[in-house]
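Following: one structure in structure tokens, then a few remarks.
In UniProt numbering, the protein residues as written are 1 to 251.
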């Protein structure tokens, strides 16, 4: 039996706004794609690519991410925009690009941005939704997210999800999902890759053990550690030397 979604309270009201403001006064106002307003194949193509941009992000809108069968179902009215978004989210391409390279907490952050058009309220909400992923799997999490009251009120069946409020310096769709902190650590791209450091240290010690006795290279680290600071020759002028005391005296 799956656990119910845990209760959580927003720590801010900023994510709960319903609009960017008037489009003619705010350059950040998004273009909203609705299938009811589609009147030509060109407009339908634009709506489909808007779905791809929202789900896969702006720079992941590539041909090999396309789901041709799902596109055909949407064009023929077999499925709704909400259904098409769900199929994209459950595709193998989305799984390999986003799901399998992130932990559940960051996956919740990304999916809330992509599907609800907002960032997570706080850590409590991330924990609540991550429990859904753990108990119902990612597909079950997508189903609950897209059938939620918030999604229904904001987008319904026929509107492509969009970023409802920009709270950061750049749109959500420009955030690369693959390179979170956990993925960078596993890929060896963090500032200090300790596995790399240890392996290099071991290889260096192994090379030193192979050097013959007396080889100067065995002592280069010791030589480099010797500080010569302050060991300068004493400066003596010729006028300060007592030459008479230097001449041996006859007895």
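Quick reminder that beta carbons are idealized off the backbone N, C-alpha and C, glycines included.
Where do the N-terminal and C-terminal ends of the alpha helix (DSSP H) with residue i fall, by residue?
{"i": "residue 104", "result": "104–111"}
{"i": "residue 123", "result": "123–146"}
{"i": "residue 41", "result": "41–56"}
{"i": "residue 115", "result": "Careful: residue 115 lies outside any alpha helix (DSSP H) and carries neither H nor E."}
{"i": "residue 151", "result": "149–154"}
Counting only the same chain and skipping the five closest in sequence on each side, list residues whose C-beta sits under 6 Å from that of residue i.
{"i": "residue 78", "result": "none"}
{"i": "residue 109", "result": "120"}
{"i": "residue 25", "result": "At residue 25, the pLDDT of 48 sits below 50, so the modelled position is not reliable and the matter cannot be decided from this model."}
{"i": "residue 141", "result": "132, 133"}
{"i": "residue 127", "result": "none"}
Taking C-alpha atoms, which residue in the options lies nearest to residue i?
{"i": "residue 151", "options": "136, 111, 126", "result": "111"}
{"i": "residue 55", "options": "71, 133, 161", "result": "161"}
{"i": "residue 66", "options": "44, 75, 76, 93", "result": "93"}
{"i": "residue 30", "options": "50, 44, 41, 45", "result": "50"}
{"i": "residue 84", "options": "96, 69, 42, 97", "result": "69"}
{"i": "residue 73", "options": "101, 44, 97", "result": "44"}
{"i": "residue 138", "options": "164, 219, 98", "result": "98"}
{"i": "residue 40", "options": "52, 53, 76", "result": "76"}
{"i": "residue 32", "options": "101, 128, 156, 96", "result": "156"}
Since residue i sits in a beta bridge, which residues does DSSP pair it with?
{"i": "residue 34", "result": "159"}
In chain order, what residues of the same chain have a beta carbon less than 7 Å from the beta carbon of residue i, not counting five sequence neighbours either side?
{"i": "residue 35", "result": "47, 81, 158"}
{"i": "residue 23", "result": "At residue 23 the pLDDT is 42, less than 50, meaning the model places this residue with poor confidence and gives no usable figure here."}
{"i": "residue 42", "result": "none"}
{"i": "residue 21", "result": "With a pLDDT of 42 at residue 21, under the threshold of 50, the modelled position of that residue is not reliable, and the figure given next carries that caveat. Correct list, in chain order: 29."}
Is residue i near the ligand NAP, judged by its Cβ being under 7 Å from some heavy atom?
{"i": "residue 104", "result": "As far as ligands go, the structure on display features none, and thus does not contain the ligand NAP."}
Next item on the list: Kindly confirm or deny that the region 116–131 and the region 77–95 touch, where touching means at least three C-beta pairs closer than 8 Å.
Entry: no
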